[in-house]
Each structure stands twice: as structure tokens, then as C-alpha cells.
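Every position in the sequence shown, counted from 1, becomes a number in our numbering once 440 is added. For every residue, glycine included, the Cβ atom is placed at its ideal position computed from N, Cα and C. Keep in mind that this is a model prediction, so the values were computed, not measured. Report on one structure; see the data block that follows.
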Amino acid sequence: MKAMIFAAGLGSRFKPWTDHHPKALAMVNGKSLLQRTIEYLQQFGITDVVVNVHHFADQIIEAVEKNNGWGSNVVISDERDEVLETGGGLLKARPFLEGDEPFVTINVDILTNLNLHALLAYHQQHKPLISFAVTNRKTARNFLFDDADKLCGWRNVTTGEEKGPVLSYSEEEKKRLIEKAYSCVVVFEQRFFSLVKQKGKFSLTEPYLDLAAEHTILGYDHSGDKLVDVGKPESVAVAEAAFQ
441 MKAMIFAAGL GSRFKPWTDH HPKALAMVNG KSLLQRTIEY LQQFGITDVV
491 VNVHHFADQI IEAVEKNNGW GSNVVISDER DEVLETGGGL LKARPFLEGD
541 EPFVTINVDI LTNLNLHALL AYHQQHKPLI SFAVTNRKTA RNFLFDDADK
591 LCGWRNVTTG EEKGPVLSYS EEEKKRLIEK AYSCVVVFEQ RFFSLVKQKG
641 KFSLTEPYLD LAAEHTILGY DHSGDKLVDV GKPESVAVAE AAFQ
């Protein structure tokens, strides 16, 4: 099985580190976020990895080469010309990810002890187009699921804005939906590539919400696992307390 690590972001919330370095190389207890993510995937037998790069791309490439991919076969997807966000980045990396198996994506700034084997088993059991990990933690923006874990939409809790199939639901139907927070660990079937309509620069949230109307996209709840979004400098201390 192959995986993609999203590492091209500008890291604007992670200044001042990202004024001179990519967030992927920020250190948590002596290991970079990128090394930790590669080693996380190795725990589940995934050693063929593509990493997209944009912000201080040369530093990431140098680190990968210097450390021989930390034991994995690491391919670089070069987005130096234009950062393509998660959706566009995934489409650009398609030639590397294509094959007979589903593939996994993960964001470089997410540290978790989610059992990836359990997520993959869930995916194989239910056979959706996409399965992604979610928890019941509090966030401003949530995905919405029915009682069968099927994706039904997206909601900004602060503004009340909604997107996706939920827009056609009655108020009574909306009340029964469950809000869950996205964990940024995802399993895709290969046919996703032929179904996605977006092009260029876009977030994966867009095809999720487009495709959810006609295809099964499931949320795998792993509430209770460790999960730290290392999005801001102050989250490093939280991550260091949780991950040795």
C-alpha cells in the first residue's frame, strides 16, 4: 500500500519558525514532524510514500536525502511553482499512487496513535469510496454524519454555514446528524481519481461534499486516541507531552 503526506503548506499559523523553515521540519522531542509521520506509516507496513513540497521545498528534499527517507521509499511531488492544497496536491501525485490497492493520505502536522490497521479493516469491511478518521473533539468546522457514519455534509459551528447534501435536508433530518471533527487520516479507493471533478488548486473537502451525494463516504470514529494538530508553535509542547 502507498501513502501521501501533505507537507506543502505555508504554515502561516506556525510563525516565526516558518519564516525560515517548512513546518514539516519542526521538531517534537528531537524528531521532525515529517520523520514522525513517515515512522507512523512504517508501523503499519507502509513504506512507499510521496511527500508534496512547496514552502522551503529544498530543506525538505535535503532532509529526506540526508536521512535516506528514514527507511522508507520517499518520492517528492514538487509544487514549488504553485501550492495546490490537499485536493490539487493529491491529483498531482496520482501517477505515484495509482495501483491495485487503496491508498492513504495524512497531513504532516497531525500526530496521532490511531490504529491505521483498524481504519483499513473498517474500509475493507464497508467498501466505501473513502473512509476518513474523525473524533468527537470540539472544532469550529465539522463534518456531518448520519447514524450509519455516512457523510452528509459540513457545518461551520460559528457561522451556521452548511455545505453538501445536508442543504437538501429538512430541519428535522438535520437535527439527527452528528458533528465530528476531521482527523486528516484518509483511505481512498483508486476510483476516486476518475470521479473527482475539481482541477487546479482545491481542498479535499470540495470533492468529499460533491461525491457524498452519490457515493458512500464514511467517518471512522477513533475518539479517545491521541491526536495533536501541531498547527501553532504552542501546540509543540502539547505534542511533546503526548508523543515521546
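Around the beta-carbon of SER634, fewer than 16 other beta-carbon atoms lie within 10 Å, marking it exposed. The distance from the Cβ of ALA558 to that of HIS494 is about 32 Å, inconsistent with a contact at the 8 Å cut-off.
ILE445: member of the beta strand (DSSP E) spanning 442-446, first to last residue.
GLN475 counts as buried, since no fewer than 16 other beta carbons sit within 10 angstroms of its beta carbon. Scanning its chain for C-beta atoms nearer than 8 Å, with the 5 sequence neighbours on each side dropped, one finds around ASP587 the residues ARG616 and ILE618, in chain order. A direct Cα-to-Cα measurement between LEU569 and LEU465 gives close to 32 Å. Counted as a single uninterrupted DSSP element, the alpha helix (DSSP H) harbouring THR477 occupies residues 473-482. Secondary structure at TYR622: strand, using DSSP grouped into helix, strand and coil. For the pair ASN553 and GLU629, the Cα-to-Cα distance works out to about 23 Å. For the pair ASN492 and SER608, the Cα-to-Cα distance works out to about 36 Å.
In terms of Cα proximity to PRO605, the closest of LYS506, PRO673 and LYS614 is LYS614.
Boundaries of the alpha helix (DSSP H) harbouring PHE633: 632-635, taken from the DSSP string. In this structure, the straight-line span from the alpha carbon of HIS563 to that of ALA573 is close to 11 Å.
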